[in-house]
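Numbering (full-length UniProt numbering), first residue to last: 1 to 670.
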Amino acid sequence: MEEAELECPDSASEKRYFPESLDSSDGEEEGILACEDLELNPFDGLPYSSRYYKLLKEREDLPIWKEKYSFMENLLQNQIVIVSGDAKCGKSSQVPQWCAEYCLSIHYQHGGVVCTQVHKPTAVQLALRVADEMDVNIGHEVGYVIPFENCCTSETILRYCTDDMLQREMMSSPFLGTYGVIILDDVHERSIATDVLLGLLKDVLLARPELKLIINSSPHLVSKLSSYYGNVPLVEVRKQHPVEVVHLSSAQKESFESILRLIFEIHQSGEKGDIVVFLACEQDIEKAYEIICQEGSNLNPDLGELVVIPLYPKEKCALFKPNDETEKRCQVYQRRVLLTASSGESLIWSNTVKFVIDVGVERRKVYNPRIRADSLVTQPISRNQADMRKQLLGSSSSGKLFCLYSEEFASKDMRPLKPAEMQEANLTSMVLFLKRIDIAGLGHCDFINRPGDGDDFFPLLAPESLMQALEDLDYLAALDNDGNLSEFGIIMSEFPLDPQLSKSILASCEFDCVEEMLTIAAMVTAPNCFSNVPHGAEEAALTRWKTFLHPEGDHFTLINIYKAYQDIALNSTSEHCVEKWCHDYFLNCCALRMADVIRAELLEIVKRIELPCAEPAFGSKENALNIKKALLSGYFMQDRRPVLTAAGTLGKHALWPSFRYSPSSRWSVN
Numbered sequence: 001m002e003e004a005e006l007e008c009p010d011s012a013s014e015k016r017y018f019p020e021s022l023d024s025s026d027g028e029e030e031g032i033l034a035c036e037d038l039e040l041n042p043f044d045g046l047p048y049s050s051r052y053y054k055l056l057k058e059r060e061d062l063p064i065w066k067e068k069y070s071f072m073e074n075l076l077q078n079q080i081v082i083v084s085g086d087a088k089c090g091k092s093s094q095v096p097q098w099c100a101e102y103c104l105s106i107h108y109q110h111g112g113v114v115c116t117q118v119h120k121p122t123a124v125q126l127a128l129r130v131a132d133e134m135d136v137n138i139g140h141e142v143g144y145v146i147p148f149e150n151c152c153t154s155e156t157i158l159r160y161c162t163d164d165m166l167q168r169e170m171m172s173s174p175f176l177g178t179y180g181v182i183i184l185d186d187v188h189e190r191s192i193a194t195d196v197l198l199g200l201l202k203d204v205l206l207a208r209p210e211l212k213l214i215i216n217s218s219p220h221l222v223s224k225l226s227s228y229y230g231n232v233p234l235v236e237v238r239k240q241h242p243v244e245v246v247h248l249s250s251a252q253k254e255s256f257e258s259i260l261r262l263i264f265e266i267h268q269s270g271e272k273g274d275i276v277v278f279l280a281c282e283q284d285i286e287k288a289y290e291i292i293c294q295e296g297s298n299l300n301p302d303l304g305e306l307v308v309i310p311l312y313p314k315e316k317c318a319l320f321k322p323n324d325e326t327e328k329r330c331q332v333y334q335r336r337v338l339l340t341a342s343s344g345e346s347l348i349w350s351n352t353v354k355f356v357i358d359v360g361v362e363r364r365k366v367y368n369p370r371i372r373a374d375s376l377v378t379q380p381i382s383r384n385q386a387d388m389r390k391q392l393l394g395s396s397s398s399g400k401l402f403c404l405y406s407e408e409f410a411s412k413d414m415r416p417l418k419p420a421e422m423q424e425a426n427l428t429s430m431v432l433f434l435k436r437i438d439i440a441g442l443g444h445c446d447f448i449n450r451p452g453d454g455d456d457f458f459p460l461l462a463p464e465s466l467m468q469a470l471e472d473l474d475y476l477a478a479l480d481n482d483g484n485l486s487e488f489g490i491i492m493s494e495f496p497l498d499p500q501l502s503k504s505i506l507a508s509c510e511f512d513c514v515e516e517m518l519t520i521a522a523m524v525t526a527p528n529c530f531s532n533v534p535h536g537a538e539e540a541a542l543t544r545w546k547t548f549l550h551p552e553g554d555h556f557t558l559i560n561i562y563k564a565y566q567d568i569a570l571n572s573t574s575e576h577c578v579e580k581w582c583h584d585y586f587l588n589c590c591a592l593r594m595a596d597v598i599r600a601e602l603l604e605i606v607k608r609i610e611l612p613c614a615e616p617a618f619g620s621k622e623n624a625l626n627i628k629k630a631l632l633s634g635y636f637m638q639d640r641r642p643v644l645t646a647a648g649t650l651g652k653h654a655l656w657p658s659f660r661y662s663p664s665s666r667w668s669v670n
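Here it is in structure tokens:
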């Protein structure tokens with residue numbers, strides 16, 4: 001980042017970087033200021049707006065604000081700083097702004113600021129919020145980068161990005177030279193990308209002594225981080241109000257019904273405040289949403305309106321923060337019921353939450369390297385997760401947490417910390433990335449928890465998980481005889497996809513079906529294109545979906561859906577027509593839009609690395625055979641065939657609607 005691009009006017013360079021409230025008492029006319037008396041924003045040289053001062057007062061009320069000068073002092077004197085604080089203390093929004101002020105004070109000699117997030121919704125919404133608080137334009141001084149979407153320019157001072165995007169940036173810039181401060185946020189969530197960054201940045205810090213690293217975490221992981229990085233300073237945010245905890249152990253066996261009862265009892269009690277409900281999985285969210293909407297319409301209208309809001313961590317638009325202006329205009333009291341699941345704690349930015357209902361279990365995806373497949377396992381949450389859910393009430397002195405489990409269950413069955421994703425996931429993509437980084441000249445990765453290691457908090461993981469990842473890359477021809485990346489492997493690492501899918505795209509060049517393979521890759525990478533079907537509309541949905549059915553299988557059905565969507569989008573006069581078509585066919589319009597964006601980026605990568613791309617020939621028998629060959633080139637290790645169960649029935653999973661009405665195949669690729 002060039003200093004000249006971001007140099008501020010001389011009048012701003014003499015200012016303090018911690019603006020005080022505007023004082024107009026010396027003006028000749030009260031409330032009227034001369035232009036030269038206005039305080040200028042040092043980031044863009046323009047006068048601060050009135051909204052800036054309103055938001056500044058809100059920022060000063062955050063628990064972390066009291067630690068500002070302590071943080072700035074540690075930032076100036078140390079290369080690494082750990083910030084420990086509970087949920088909603090403000091560390092994700094304020095620490096990056098303070099780091100931006102630090103970079104401004106040294107005229108961006110070493111670059112700007114980047115702050116990683118585990119979830120896409122928080123990266124986007126934090127960027128929007130921080131741009132508002134800094135009184136600058138989103139996409140200019142403050143921006144965000146998430147998979148398949150870049151809202152930044154070369155002049156961006158502070159950018160929020162998902163941790164996997166910063167990891168990918170290291171492939172082209174291993175020492176991250178455009179940044180002077182790197183902030184790893186929500187480290188306690190232990191995503192694969194964050195754990196890898198923790199290890200790789202050790203070498204980067206040695207190579208770049210001027211680089212600053214800030215680690216934001218919950219208190220539970222602080223001791224482990226301190227021992228991992230050595231004696232580094234800790235900025236600790238004090239705890240907030242105590243919370244009343246009610247354990248309802250009798251409700252554990254019938255937790256779903258108990259949750260619904262509790263919601264209606266709270267609403268009928270007349271106590272004001274929003275309700276957050278933590279369920280086991282997204283299917284439970286959909287089920288609860290439907291039931292509460294139906295039953296809520298029968299409640300006494302004098303109690304106010306019950307507004308149900310489902311929040312999904314994987315969806316970009318799924319972050320909740322109430323709009324104060326909308327609430328003021330609303331004549332009827334509205335109580336919001338926020339339904340979410342595991343990792344949904346970071347999606348709620350509201351001080352109106354007074355009740356939290358926690359079911360105490362979650363459905364996790366756990367990878368089994370022996371069968372090369374993921375399994376959905378329902379198991380207790382960790383005590384750390386339970387504590388974070390309680391912290392959502394920390395800003396309220398009258399909040400209540402309803403735990404649908406006993407204290408004995410919490411102490412005996414819950415683990416102290418959430419298992420690291422690295423210990424339960426397929427590591428093939430991670431190993432491919434590390435092999436690519438090795439080519440870039442960066443040293444080894446010192447993991448905070450190595451795959452196969454066990455400690456006081458995490459169970460021992462079979463070392464075969466790492467060996468299976470290397471074996472898979474070898475089978476995909478991504479490695480040469482020396483174990484380094486082959487030419488195929490280097491090209492595969494260019495795609496932001498699973499290695500199997502990347503290999504299928506490369507194989508499609510040989511089989512003249514690149515266009516079709518890119519469509520399949522985009523559709524399986526985007527969220528599920530099928531909408532949730534309302535109760536009673538199942539037959540209508542199946543009839544509509546059947547129009548897209550392809551006899552060759554689900555991958556071909558996805559191509560049909562995308563082509564139909566594209567035809568409607570190109571020929572429609574307005575976006576409303578496209579949305580209506582999606583609604584009529586029970587399809588997710590947002591997911592199809594995302595698939596369109598993903599496909600365009602994948603096509604750009606194909607052109608950039610100059611892969612051959614034949615004209616599309618979808619519909620012919622030869623083309624169908626070629627698509628199957630390309631798919632099998634990447635997924636030959638995941639072929640399946642239906643088997644008879646003990647009950648004499650075929651064992652298959654109704655993941656796709658076509659399974660309900662398509663004939664069984666001898667073999668299939670999952």
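Cβ atoms here follow ideal geometry from the backbone N, Cα and C, with glycine treated the same way.
Pair within 8 Å by beta-carbon distance, residue i and residue j
{"i": "Val196", "j": "Phe175", "result": "no"}
{"i": "Ile183", "j": "Val124", "result": "no"}
{"i": "Ala595", "j": "Ala522", "result": "yes"}
{"i": "Leu225", "j": "Ile82", "result": "yes"}
{"i": "Thr428", "j": "Pro499", "result": "yes"}
{"i": "Ala288", "j": "Leu299", "result": "no"}
{"i": "Ala477", "j": "Leu485", "result": "no"}
{"i": "Ser508", "j": "Ala386", "result": "no"}
{"i": "Asp164", "j": "Cys115", "result": "no"}
{"i": "Leu392", "j": "Glu345", "result": "yes"}
{"i": "Val113", "j": "Tyr179", "result": "yes"}
{"i": "Gly85", "j": "Val243", "result": "no"}
{"i": "Gln117", "j": "Tyr160", "result": "yes"}
{"i": "Gly199", "j": "Phe447", "result": "yes"}
Top-ranked residue by Cα proximity to residue i, from the options
{"i": "Ile491", "options": "Cys403, Lys607, Ser249 and Pro209", "result": "Lys607"}
{"i": "Asn216", "options": "Glu236, Gly230, Ile259 and Ser255", "result": "Glu236"}
{"i": "Pro496", "options": "Ile371, Gly85, Cys582 and Thr162", "result": "Thr162"}
{"i": "Ser342", "options": "Asn571, Val276 and Asn588", "result": "Val276"}
{"i": "Arg389", "options": "Leu376, Cys403 and Pro47", "result": "Cys403"}
{"i": "Leu611", "options": "Lys503, Val359, Pro551 and Val597", "result": "Lys503"}
{"i": "Pro551", "options": "Gly483, Arg593, Ser620 and Arg599", "result": "Ser620"}
{"i": "Ala591", "options": "Gln77, Glu60, Thr525 and Ala386", "result": "Thr525"}
{"i": "Ile559", "options": "Met517, Arg544, Ala541 and Ser531", "result": "Met517"}
{"i": "Tyr405", "options": "Ser398, Arg415, Leu417 and Pro380", "result": "Pro380"}
{"i": "Asp274", "options": "Leu76, Lys418, Ala537 and Leu338", "result": "Leu338"}
{"i": "Asp413", "options": "Ser375, Ala425 and Gly360", "result": "Gly360"}
{"i": "Gly634", "options": "Leu473, Ala410 and Thr519", "result": "Leu473"}
{"i": "Glu67", "options": "Leu234, Asn351, Phe409 and Val118", "result": "Leu234"}
{"i": "Trp545", "options": "Met637, Ile561 and Ala193", "result": "Ile561"}
{"i": "Leu201", "options": "Pro219, His188, Arg190 and Leu166", "result": "Leu166"}
{"i": "Glu471", "options": "Met637, Leu56, Ser105 and Glu271", "result": "Met637"}
Counted within 10 angstroms of its Cβ, other Cβ atoms place residue i as buried (16 or more) or exposed
{"i": "Leu306", "result": "buried"}
{"i": "Lys212", "result": "buried"}
{"i": "Thr378", "result": "exposed"}
{"i": "Gln423", "result": "buried"}
{"i": "Leu587", "result": "buried"}
{"i": "Ala87", "result": "buried"}
{"i": "Ile362", "result": "Sequence inspection shows Glu at residue 362; the Ile mentioned does not correspond to that position. Buried, since its Cβ has 16 or more Cβ neighbours within 10 Å."}
{"i": "Asn426", "result": "buried"}
{"i": "Glu141", "result": "buried"}
{"i": "Gly230", "result": "exposed"}
{"i": "Leu62", "result": "buried"}
{"i": "Gln468", "result": "buried"}
Subject >> Three-pair Cβ contact test at 8 Å for the region 430-438 versus the region 166-174 >> reply: Judged by Cβ distances under 8 Å, the region 430-438 makes contact with the region 166-174, as three or more pairs qualify.
Original post:
So, do the region 495-515 and the region 600-616 have three or more beta carbon pairs nearer to each other than 8 Å?
Top reply: yes
Subject >> Runs of beta strand (DSSP E) lying entirely within the region 40-66, each at least 3 residues, in chain order >> reply: none
**OP:** Tell me, please, whether the region 620-635 touches the region 562-575 by the rule of three or more beta-carbon pairs shorter than 8 Å.
**Re:** no
**OP:** Mind the definition here: the region 39-51 touches the region 145-154 only if three or more C-beta pairs lie below 8 Å; say whether that holds.
**Re:** no
Original post:
Mind pulling the alpha helix (DSSP H) runs of 4 or more residues that sit fully within the region 324-383?
Top reply: 324-329
Subject >> In chain order, each beta strand (DSSP E) run of at least 3 residues that lies wholly inside the region 115-199 >> reply: 142-146, 149-151, 158-162 and 179-184
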